[in-house]
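In my numbering, the protein residues as written are 223 to 897. Ideal Cβ positions, reconstructed from N, Cα and C, are used throughout, including at glycine.
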């Protein structure tokens with residue numbers, strides 16, 4: 223009995239000793255294979271070749287041993303070959319996981335995101351499983367003790383690293399669902415920010431307004447509601463609540479604010495803001511306005527514009543935002559403000575402003591008094607307008623305080639700023655002189671107080687002072703002549719803004735569609751890699767070939783174009799399992815090949831590869847449009863290259879002309895005369 227009791231511990235020690243010997247042999251074999259194979263690209267191929275060789279050798283080992291009369295040694299050789307075969311199989315599986323999962327599906331542009339602890343742990347588990355299979359099925363050793371000990375060890379490790387494992391698996395779930403991506407603007411647990419970093423333990427948000435960095439564990443994010451402002455499009459939608467007094471007609475309030483926002487600069491005009499009456503409160507009627515704007519940058523500008531539009535609408539229609547007047551001992555705020563405006567636009571102040579202008583500096587006080595006596599003060603807040611294109615002439619305007627912008631709409635629908643009028647500047651006199659409808663949109667850029675001179679008063683004044691009439695006409699002729707170059711610059715800036723907006727829209731479309739187009743089970747990806755026809759590689763080659771043709775048509779390839787391609791692939795999250803540097807290398811090589819004879823046709827053939835992929839043509843054209851005009855609006859040569867690519871793909875080469883905000887540096891004017 224004591225002898226039997228001693229047999230069990232000694233047997234366990236022998237089993238663990240045998241396991242340790244096999245583990246050491248595995249370590250040596252794997253290390254030798256890694257040293258022999260070297261590069262990652264050949265590791266899988268050579269591993270499969272070696273596995274096939276061992277399979278054939280194992281099948282013929284026993285017959286060969288019988289043939290030469292060494293059956294006993296043949297059994298040992300057969301067992302050793304079976305051991306090496308299982309180790310090689312574990313090596314191949316680990317290589318497949320490393321290449322197609324850790325550094326493939328779960329990577330980000332060639333950068334492995336899975337922690338080394340996880341990858342190494344999986345590798346150890348594979349080799350340990352191979353050793354136990356060999357012990358049990360090849361050498362017929364009992365492995366119950368090893369499994370029990372391994373289970374206990376795994377339980378201890380799991381409990382000690384419970385939080386780490388929880389974060390890792392939460393990170394895997396978040397990456398699999400792609401609830402958020404780098405660069406997305408999101409709100410998590412009431413905290414707003416841009417996704418700054420995603421790793422396998424935490425997610426970092428950077429608030430662009432406070433420059434603060436918030437770090438959330440993956441498990442916390444996985445359990446919270448995520449509000450993603452960047453999906454499904456980069457267009458943001460936000461809301462603002464305000465309360466009006468019960469005396470304010472609700473329909474008039476909504477209509478008045480909507481009219482003020484018709485000429486907004488930051489709030490999108492399409493889709494228009496919408497209004498909801500939330501109900502009655504103890505202070506009055508609560509109204510919510512929901513508005514759209516383009517991304518995070520204009521957020522506060524758009525919200526400011528909405529607040530100013532509400533203020534302007536309330537004042538224009540003598541409506542009142544609800545406050546507790548009894549507690550604040552408040553009077554009628556509009557009456558008080560009207561008095562302030564009258565003081566700012568007094569007759570003395572208007573006369574001083576006119577005297578600054580050279581055209582009126584020589585006039586007698588009596589002559590000016592006739593004009594000033596008919597002036598009426600007017601104050602507006604952005605984005606309110608003094609008049610719109612097509613309005614009948616109703617006199618002229620003199621800026622007392624603030625700034626007023628003049629905008630012209632051309633045949634393409636571009637709204638171009640042609641003037642920025644500061645204190646002392648006259649505007650609106652062109653249509654007054656010619657008795658023609660208003661040509662420009664006159665919009666308050668700042669809170670502006672102006673003096674409005676009635677049409678009849680102006681006509682009488684010019685009739686009594688014909689020299690002023692002639693001087694104004696001469697001045698306006700010179701001013702119109704000088705505006706030609708300014709309009710051209712503004713139009714060019716508008717085209718660039720349109721082009722940039724279209725590129726952003728195309729990137730959003732690619733971002734939404736590329737994952738769906740490329741999504742297949744992992745074994746499909748593995749098969750694609752093994753037959754050297756990866757869908758990622760085909761699409762990447764087509765994109766870089768098209769981009770190379772467009773850039774080469776403009777001239778020499780430069781870093782700005784390479785930078786755009788890097789940014790497009792990274793920010794739009796295109797082909798996130800392909801190394802960006804590899805894409806840029808393809809681009810450079812294809813661009814150089816265009817110099818040789820037949821290079822253009824080879825590039826077009828490469829572009830055609832995308833036709834085998836659903837939606838590939840649109841993605842390639844989007845990248846080509848994006849890289850065109852990196853330095854300015856697309857040139858004629860770039861347009862011809864785009865047309866050639868579109869013809870080969872059988873799609874349209876046109877770039878849609880969606881609306882975009884006006885852009886360009888306004889001409890600053892103070893104390894001048896403007897039509």
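Q: Entirely within the segment 396-473 and at least 4 residues each: give me those alpha helix (DSSP H) ranges in chain order.
A: 440-445
**Q.** Alpha carbon of residue 456 to alpha carbon of residue 580, nearest angstrom
**A.** 50 Å
(Q) Let me make sure I understand the geometry here. Which of 414, 480 and 765 has the alpha-carbon closest to that of residue 448? (A) 414
Q: At 4 residues or longer, and completely inside the segment 842-873: list those alpha helix (DSSP H) runs for me, N to C.
A: 858-871
Q) Apart from the five residues on each side of it in sequence, which residues of its chain come closer than 6 Å, Cβ to Cβ, to residue 486? A) 527 and 605
Q. What residue from 401, 433 and 431 has the CA that sits closest to residue 420's CA?
A. 401
Q: May I ask you to list the residues that DSSP assigns as paired with residue 665?
A: 607 and 627
Q: Measure the CB-CB distance between residue 426 and residue 418 and report whether it falls below 8 Å.
A: yes
Q) If you run the structure through DSSP and keep just helix, strand and coil, what is residue 916? A) As shown, the chain starts at 223 and ends at 897. That puts residue 916 outside it, with no answer to give.
Q: Pick out whichever of 522, 478 and 557 has its Cα sitting closest to the Cα of residue 432.
A: 522
Q.
Suppose you measure from the CA of residue 638 to the CA of residue 839; what does that come to, to the nearest Å?
A. 34 Å
Q. To the nearest angstrom, how far is it from the Cα of residue 458 to the Cα of residue 435?
A. 22 Å
Q) Taking one C-beta from the segment 566-576 and one from the segment 606-613 each time, how about it: are there three or more such pairs within less than 8 Å? A) no
**Q.** CB-CB length for residue 701 against residue 667, believed under 8 Å
**A.** Contact doesn't hold; Cβ gap of about 19 Å is too wide.
Q) Which residues mark the beginning and the end of the beta strand (DSSP E) in which residue 498 is found? A) 496-502
(Q) Run through the DSSP bridge pairs and tell me what residue 509 is partnered with. (A) 464 and 499
Q | Local conformation of residue 598 per DSSP, three classes | A | strand
Q. So which of 319, 275, 481 and 428 has the shortest CA-CA distance to residue 518?
A. 428
Q. Run through DSSP, which three-state label would residue 650 get?
A. coil
Q. What's the call for residue 603, buried or exposed, on a 16-neighbour Cβ count within 10 Å?
A. buried
(Q) So for residue 581, helix, strand or coil by DSSP? (A) coil
Q. Quick one, which of 539, 438, 452 and 525 has its alpha-carbon nearest residue 463's?
A. 525
Q. Does the ligand FAD have a heavy atom nearer than 7 Å to the CB of residue 714?
A. Because no ligand of any kind appears in the structure shown, any question about the ligand FAD cannot be addressed here.
Q | Reference residue 848; option with closest CA among 695, 480 and 769 | A | 769
Q.
Please list the terminal residues of the continuous alpha helix (DSSP H) segment that includes residue 875.
A. Residue 875 -> no alpha helix (DSSP H), and no H or E assigned at all.
Q) Taking Cβ to Cβ, would you say residue 636 is nearer than 8 Å to residue 685? A) no
Q: Tell me whether residue 490 is buried or exposed, calling it buried when 16 or more other Cβ atoms sit within 10 Å of its Cβ.
A: buried
**Q.** Helix, strand or coil at residue 349 [DSSP, three-state]
**A.** helix
Q) In terms of residues, what are the limits of the alpha helix (DSSP H) holding residue 813? A) 802-815
Q.
Could you compute how far the alpha carbon of residue 531 sits from the alpha carbon of residue 862?
A. 45 Å
Q: Starting from residue 683, trace the beta strand (DSSP E) both ways and give me its first and last residue.
A: Where residue 683 is concerned, there is no enclosing beta strand (DSSP E), although the alpha helix (DSSP H) it sits in stretches over 677-686.
(Q) Helix, strand or coil, according to DSSP, for residue 523 in the structure here? (A) helix
(Q) Residues in the same chain with beta-carbon distance under 6 Å from residue 890, minus the five sequence neighbours each way, listed in chain order, please. (A) With a pLDDT of 40 at residue 890, under the threshold of 50, the predicted position of this residue should be treated as unreliable, though the coordinate-derived value follows. For residue 890, where only same-chain residues beyond five positions count, the Cβ hits under 6 Å are 642.
Q) Between residue 842 and residue 765, which are expected to be in contact by the criterion C-beta below 8 Å, what is the C-beta distance as a whole number of angstroms? A) 5 Å
Q) What's the gap between the Cα of residue 664 and the Cα of residue 828? A) 52 Å
Q.
With the cut-off set at 8 Å, would you say residue 275 and residue 356 are in Cβ contact?
A. no
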